[in-house]
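Colleague: Residue numbers (the working numbering): 285 to 457.
If you scroll down you'll find the structure; I have some questions about it.
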Amino acid sequence: MDDLGATAWPPAPIRTERLVLREPEARDRAAFVELLASPEVNAYLGAPRQREELERELPEVPERWPGSFVVELDGAMIGHVLLRRATGHRRPAAAGKLDLGYLFLPRAWGSGYAAEACAAALDWLAGVLPGEPVVLTTQRANAASMRLAEKLGFTEVERFEAWDAEQWLGMRP
Ligand SMILES: CC(C)(COP(=O)(O)OP(=O)(O)OC[C@H]1O[C@@H](n2cnc3c(N)ncnc32)[C@H](O)[C@@H]1OP(=O)(O)O)[C@@H](O)C(=O)NCCC(=O)NCCS
285 MDDLGATAWP
295 PAPIRTERLV
305 LREPEARDRA
315 AFVELLASPE
325 VNAYLGAPRQ
335 REELERELPE
345 VPERWPGSFV
355 VELDGAMIGH
365 VLLRRATGHR
375 RPAAAGKLDL
385 GYLFLPRAWG
395 SGYAAEACAA
405 ALDWLAGVLP
415 GEPVVLTTQR
425 ANAASMRLAE
435 KLGFTEVERF
445 EAWDAEQWLG
455 MRP
C-alpha cells in the first residue's frame, strides 16, 4: 500500500455512465496480453512485447496492485488506468508524486471512454487523498494522449528529451 498510503484497496467498483473501474481479475489476462502486445497501443511507449512471452510470463492476475484499475465496458476489459507513485521519476518536479497512466485497446479509442475512466479514477483519488497532485508524462507526438491530458485538466510543467523523443510532463493540482 506504499503508493496510496493508508487508502483501503480495492475500493468498491466505480461506476460511470458507461464503464466500470475495478481491480484486475484472472478473466482480464487475455486483454492484458492484447494491450501489451499491440503495436498500436505501444507506438509511443517503447516496443510492444512478444505475445508468446506475455502468455508465458504474465501472472494469473496481471497488474494487481493498489492504484491499478481495469476499465470494463459491457462486462469486458477495454483498458487499464494506473495511478502510481513516481518514486524514480527522472524529473524532480514529478519525483514522488502520483502519476497517471492510461492504455486502451484500439477498438475502444475514439468514444470518450479513456476520458470517462480517467476522470472517474481522478475523482476517486480526490475523495481518498484530497489535495494530492497528480502528474502525467507522455510523448509530445502522442496526439491522442496529449488531448486527453488537456481534457483532464493537466497543464504543462515542462518538456524534456528522453527515450529518443520529446516528452511532456503535466500536472493537475
Ligand atoms: C491515449 C488514449 C487512451 C486516448 O484514447 P481516446 O479514445 O483517443 O481518448 P478519449 O477517451 O479522450 O476519446 C477521444 C475521442 O472520443 C470522442 N468522444 C468523446 N466523448 C465521446 C462520447 N461521449 N461518445 C462518443 N464519442 C466521444 C471524441 O471524438 C474524442 O476526440 P477528441 O479528443 O478529438 O475530442 C489511447 O489513444 C491509447 O490507449 N493509446 C495507447 C496508450 C498510450 O499511448 N497511453 C499514453 C501514455 S500515458
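Every residue, glycine too, gets a C-beta built ideally from N, C-alpha and C.
Short of 8 Å in beta carbon distance, which residues of its chain neighbour Gln451, apart from the five on each side in sequence? Order them along the chain.
Modeller: Taking the first residue of the sequence shown as 1, we reach residue 451 at position 167. Same-chain partners within the cutoff: Thr421, Thr422, Gln423, Arg424, Arg443, Phe444 and Glu445.
Colleague: Alpha carbon to alpha carbon, how far is Glu318 from Ala433?
Modeller: Locating residue 318 in the sequence shown gives position 34, counting from the first residue. Locating residue 433 in the sequence shown gives position 149, counting from the first residue. Their Cα atoms are separated by approximately 24 Å.
Colleague: I'd like the span of the beta strand (DSSP E) that includes Trp452, first residue to last.
Modeller: One-based indexing of the sequence shown puts residue 452 at position 168. Run containing Trp452: Ala449 to Arg456, per the beta strand (DSSP E) assignment.
Colleague: Kindly list the residues whose CB is nearer than 6 Å to the CB of Phe353, restricted to its own chain and excluding five residues on each side of it in sequence; keep chain order.
Modeller: Along the sequence shown, one-based indexing puts residue 353 at 69. So the list reads Leu305, Val365 and Ala405, once near-sequence residues are dropped.
Colleague: In this structure, how does DSSP classify Tyr397 when only helix, strand and coil are distinguished?
Modeller: Locating residue 397 in the sequence shown gives position 113, counting from the first residue. Three-state result, Tyr397: helix.
Colleague: With DSSP run on the structure shown, which of helix, strand or coil describes Leu382?
Modeller: Indexing the sequence shown from 1 puts residue 382 at position 98. Leu382 falls in the strand class under three-state DSSP.
Colleague: Can you round the beta-carbon distance between Phe388 and Pro346 to whole angstroms, since I take them to be within the 8 Å contact cut?
Modeller: On the sequence shown, position 104 is the one that residue 388 refers to. On the sequence shown, position 62 is the one that residue 346 refers to. Phe388 to Pro346, Cβ: 16 Å. No contact.
Colleague: Check whether the segment 392-408 touches the segment 371-381, taking contact to mean three or more Cβ pairs, one atom from each stretch, closer than 8 Å.
Modeller: Result no; under three Cβ-Cβ pairs closer than 8 Å.
Colleague: My output table needs one value for Ala331: the three-state DSSP class, helix, strand or coil.
Modeller: Start at 1 with the first residue of the sequence shown, and residue 331 comes out as number 47. Coil.
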